[in-house]
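A short worksheet on the structure shown next.
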Amino acid sequence: MTAPAEIFDRGYRRYEGERTGVWQAMRSVLWHTIRSVLGIGRKGRHKVFPALVALVAFLPSIAFLAFAVLIGDMLSEELRPPYWELFGLPILVVVLFATLVAPEALVRDRRDGMFRLYLSTPLTKPTYLLAKFAAVMAVMAIVVAGPVLLLLVGYTVQNLGPDGFGAWIGVSGRILLSSVLIVGFMAALSLGASSLTDRRAIASVGVLGAVVGVSIVVGICVDAIGLRHELRVLDPLGAPVEMAARIFGEVGPAGESRGSAATPTWLVFTGVAAWTTVWLSVLVTRYRRLTAV
Amino acid sequence: MTQSVSTVRSVLLTHRLLVRQLLTPGRLLALLSLGAVVVLAAVGVAASDEVEDPARTIIEVMDGLGLVLVVPVVSLVFASASLGDLREDGTLVYLWLRPMDRLSVVAGAYLAALTVSLPLTTLPLAAAALVGKATVDGVIATVVAASFGVLAYSAAFVLLGLMIRNPIIWGLAYVLVWEGIFARFSEPVGNAAVRGYTRSLLANLSDVGLGPAAEANTSTAVLVCVFVAAGSLAMAAVRLNRMEVD
Amino acid sequence: MSNVSPPPPPPPPPPPGTRISSPTPSEPLIGAEDLSAWPGTGPVMVEAIGVTKSFGDVVAVSDVTFQIGSGVTAILGPNGAGKSTLFRMLCGLTQPSSGTVTVLGRNAGADREVRGRIGLAPQQDALFDRLSAGAFVALAAQTHGVVRAESRTREVLAQVELDVDDPKPVGSFSKGMRQRVKLAAALVNDPDVLVLDEPLTGLDPIQRQRMIALFGELAERGKCLLVSSHVLDEVARLGSNVLVLAQGRLAAAGDYRSLRDLMDDRPHRVRVGTDRPQQLAAALIERGSARGVTVLADAVIVDIDDIDGFGRIIAPLTVDLGLRLDELVPLDDDLESVFRYLVERRR
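Chains as they are written, first to last, in this note's numbering: chain S, 1 to 293; chain E, 1 to 246; chain C, 1 to 347.
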């Protein structure tokens with residue numbers, strides 16, 4: 001009588017299991033992009049820069065919270081910054097973060113050959129870009145929404161927050177809406193600028209130029225040359241913050257002008273939407289022309 | 001068949017190779033645009049009726065745009081790429097495994113960065129100063145301050161390119177955060193930033209006050225820029241000698 | 001099926017395709033402790049003594065010692081064995097964590113002059129993509145201080161069959177052409193020591209033949225060539241000296257045929273072609289002349305410990321049995337078999 005036998009390894013076999021499809025592929029791209037950008041699963045030195053930049057972005061909120069803790073009783077509402085201003089105070093740091101995030105998310109895949117591998121999966125160019133866009137938005141949200149939400153929660157704990165549950169929901173809703181719009185704009189701009197080159201370094205400078213350079217030009221046109229102040233809706237640094245101010249029902253510095261009426265709110269939103277559309281078009285056009293070989 | 005490669009020849013060979021590698025259309029276009037922004041600003045100053053003292057205002061623009069943005073960013077892009085790109089691409093071995101001393105290679109890379117960065121900074125800034133109705137002293141001050149800025153920044157960023165994998169990001173962090181934010185609020189930090197010394201040169205040579213963060217005297221400013229350059233290049237040579245080359 | 005009836009009693013003849021073998025004893029390693037100075041002629045040109053290289057917790061090369069003189073030496077090993085790390089240490093591109101490695105008696109990382117006597121064709125594909133082949137090789141010549149750099153550039157590019165006047169940038173070249181540019185740049189300074197990491201990759205068969213011939217010529221001129229390759233039959237044509245690395249350790253060094261003889265724990269495998277393989281197989285088993293046999297339709301594959309002794313008895317045996325002896329072919333005397341035996345034992 002022969003002993004019972006069992007084969008443990010037949011070698012190569014076809015995969016007969018479940019195929020999870022394009023949504024799972026997109027989720028995978030999204031998660032791995034976030035990991036790559038934040039240095040998760042990589043050596044410590046890959047985490048240093050995003051951590052440092054995020055910390056600097058949180059500094060204004062931390063400072064205001066410190067004031068609240070130390071002199072909370074004497075801190076009147078006039079001395080507390082409006083929440084929408086916290087989108088503007090660390091704006092340069094947010095831009096710096098964008099110079100890291102988008103090139104790392106997009107350029108690396110083209111340089112390393114991962115882009116063509118992704119396209120050999122259920123992913124198409126549009127679904128790939130959508131996943132990347134979502135990943136960049138998620139990461140940017142850390143430095144855009146994070147400081148403001150921290151301030152809201154901190155003030156609430158210190159009993160300096162919005163009065164009543166309804167008001168609190170209203171403020172947090174405005175913060176989240178502002179964050180989504182700002183983050184969407186920054187993601188479109190940084191990804192669009194990064195799509196134009198295969199070197200991460202140049203992409204980073206390109207992102208900086210697309211934001212700071214254009215902002216300087218707009219400032220020159222309005223302040224020095226004296227063109228209409230409504231042109232500020234095209235300022236990539238000021239317009240998103242102005243948009244947040246309008247969501248909170250206020251007018252920010254970019255919307256004001258001496259001797260004339262404030263810039264209409266619809267124009268502010270149109271300016272941000274226009275830039276978002278332009279850079280998304282650049283991104284889509286560039287990738288449409290890209291061959292994955 | 002072979003003879004030893006002299007220091008001068010090593011520098012020249014490295015310089016010639018790297019100038020060619022650095023001058024890509026994308027980089028040139030991006031950084032010429034940056035220079036164009038400054039010229040545009042100068043046009044605005046000259047055309048504006050609200051500017052009372054254009055000679056003073058244009059110096060402030062040279063400070064706020066030229067020395068704060070154009071000089072460090074242009075220097076960063078080219079200097080960090082001079083040896084940094086070779087390191088990233090895996091082509092550094094073709095300069096490293098040669099009978100050339102390391103300091104010559106670093107010097108050649110530095111000179112290549114200067115060859116490209118100096119014209120891309122000083123020419124637009126000088127043009128902007130002229131267009132913005134600066135005085136002769138103002139134009140000279142702009143060119144001198146920009147030149148010393150490029151000298152110091154380029155050396156530091158050549159070193160940065162050899163030390164870390166993503167030098168542009170860290171360089172931008174230094175420019176935007178350390179010099180742009182921290183140096184403004186703290187004098188000790190300001191003393192550790194190149195920008196304070198280039199601004200001092202601009203202020204002293206143009207005789208336009210630019211605030212408390214620009215009050216180092218001319219000799220100090222020049223010496224600091226030279227020491228930063230020399231020290232960075234020496235460290236870069238040591239680094240090149242000891243680093244692992246792929 | 002044939003019947004064999006030797007007294008007493010005859011073992012049943014094995015059916016065709018049957019493999020019979022006795023259990024192998026545990027195998028001692030041919031390790032670093034067996035290695036000593038390279039027995040070749042001429043001075044030692046490359047030497048490593050107790051070289052170890054670690055990257056964090058990963059030990060890439062462990063306690064490797066060898067000496068190499070002129071001629072071609074193949075560095076063999078599976079992927080991740082440490083070959084490229086060893087090459088990088090030889091060229092001074094990375095320093096060993098412990099031990100010393102010298103080329104022409106000096107450390108290439110620290111000695112400028114010896115760097116001019118090394119030619120390296122690295123494994124990675126990176127070149128200065130915007131330069132033409134002529135400009136790239138000319139740069140190599142100039143940075144090596146080659147006298148008459150232009151004529152020398154032309155000469156080495158002709159050797160690798162590239163046109164010095166072609167203005168196309170190397171970035172547009174195929175893999176094989178890029179490989180030839182690398183080789184030309186490595187040869188341009190007429191180095192005493194050539195370190196070639198996978199030099200035949202991307203080359204078509206004719207180009208490979210030409211490169212192998214070129215390497216042979218260089219070896220005959222007294223150059224020391226270290227070649228790493230996975231194409232073992234071509235490596236075997238380059239020469240018989242090998243260093244075998246496995247898991248970072250030096251598994252063997254020397255002439256691979258001599259190494260094969262040293263492997264007394266591994267029976268030699270020989271194919272004996274005959275008209276009656278089953279009868280021959282039975283006879284060999286009965287006489288104890290073979291450790292194992294495999295019977296095929298027209299031959300017997302025999303595993304034997306004493307190849308020389310077998311060679312003496314096989315012909316008289318077939319005559320005694322009235323068999324025809326068609327062929328006698330050693331099956332594992334080649335480099336690939338030696339390499340496989342050395343590497344397999346490490347897994």
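From the three backbone atoms N, C-alpha and C, an ideal C-beta is built for every residue, glycine too. Remember, predicted model here, so these are calculated numbers, not experimental data.
With 16 or more neighbouring CB atoms inside 10 Å of its own CB, Trp170(E) falls in the buried class. Membership of Asp137(E) in the alpha helix (DSSP H) is indicated by the continuous run Val136 to Met163.
If you compare the alpha carbons of Gly149(E), Ala46(E) and Met100(E) with that of Ala79(E), the shortest gap goes to Gly149(E). Linking Gly69(C) to Ser97(C) through their CA atoms gives a straight-line distance of about 24 angstroms. With a threshold of 9 angstroms between beta carbons, Gly26(E) makes contact with chain S. Contact between the segment 16-28 of chain E and the segment 218-225 of chain S is absent: fewer than three C-beta pairs spanning the two stretches fall below 8 angstroms.
The bridge partners DSSP lists for Ile304(C) are His268(C).
Interface residue (Cβ-Cβ distance to chain E less than 9 angstroms): Ser281(S) is not classified as such. For Arg115(C), the number of other beta carbons within 10 angstroms of its own is at least 16, and it is reported as buried.
In the pairwise beta carbon analysis, the segment 141-157 of chain C is classified as touching the segment 87-106 of chain E: at least three pairs are separated by under 8 angstroms. Only Asp89, Gly90, Thr91 and Val93 from the segment 82-93 of chain E bring a Cβ to less than 7 angstroms from some Cβ of chain C.
Chain-order list of chain S residues neighbouring Gly180(E): Leu92, by C-beta distance under 8 angstroms. Within the same chain, Cβ atoms closer than 6 angstroms to the Cβ of Val208(E) are found at Arg56 and Ile59, the five residues on either side in sequence being excluded. Taking a cut-off of 8 angstroms on C-beta distances, the segment 168-176 of chain S does not touch the segment 211-221 of chain S, as fewer than three cross pairs fall below it. Trp23(S) counts as exposed, since fewer than 16 other C-beta atoms from the protein chains shown sit within 10 angstroms of its C-beta. Our two residues, Gln278(C) and Arg269(C), have alpha carbons roughly 17 angstroms apart in a direct line. Thr20(S) and Leu130(S) have their alpha carbons spaced roughly 18 angstroms apart. Under the DSSP assignment, Asn204(E) falls in the alpha helix (DSSP H) whose first and last residues are Val194 to Ser206. For the segment 93-110 of chain E, the set of positions with a beta-carbon nearer than 8 angstroms to some beta-carbon of chain C reads Val93, Tyr94, Leu95, Trp96, Leu97, Arg98, Pro99, Met100 and Asp101 in chain order. Residue range Ala133 to Thr143 is occupied by the alpha helix (DSSP H) that includes Gly134(C), with no beta strand (DSSP E) assigned at that position. Taking the C-beta atoms as reference points, Leu233(E) is found nearer than 9 angstroms to Ala107(E). Residue pairing for Gly71(C): DSSP places it in a beta bridge opposite Cys224(C). Annotated three-state conformation of Leu92(E) is coil, per DSSP. For Val150(E), no Cβ of chain S is located within less than 9 angstroms of the residue's own Cβ. For Gly84(E), the closest C-alpha among the options Thr142(E), Ala156(E) and Pro54(E) is that of Ala156(E). In terms of Cα proximity to Gly72(S), the closest of Thr156(S), Val136(S), Pro147(S) and Val29(S) is Thr156(S).
Shown here is that no member of the segment 166-182 of chain C has a Cβ falling below 8 angstroms from a Cβ of chain E. Beta-bridge partners of Ser257(S) (DSSP): none assigned.
With respect to Asp326(C), Asp305(C) sits apart: the two C-beta atoms are not nearer than 9 angstroms. Just so you know, the alpha carbons of Pro191(C) and Gly92(C) end up roughly 16 angstroms apart. Taking the C-beta atoms as reference points, Val268(S) is found no nearer than 9 angstroms to Val211(S). Distances from the alpha-carbon of Thr91(E) to those of Leu90(C), Arg130(C) and Leu104(C) put Arg130(C) closest.
Contact annotation, Val139(S) with Leu38(S): C-beta distance approximately 7 angstroms; criterion of less than 8 angstroms satisfied. Interface criterion met: the Cβ of Ile168(E) is under 9 angstroms from a Cβ in chain S.
Sequence-ordered contacts of the segment 4-38 of chain E with chain C read Ser4, Val5, Ser6, Arg9, Ser10, Leu13, Thr14, Arg16, Leu17, Arg20, Gln21 and Thr24 [C-beta pairs closer than 9 angstroms].
Of the candidates Leu176(S), Asn159(S), Gly164(S) and Ala135(S), Leu176(S) places its Cα closest to the Cα of Leu149(S).
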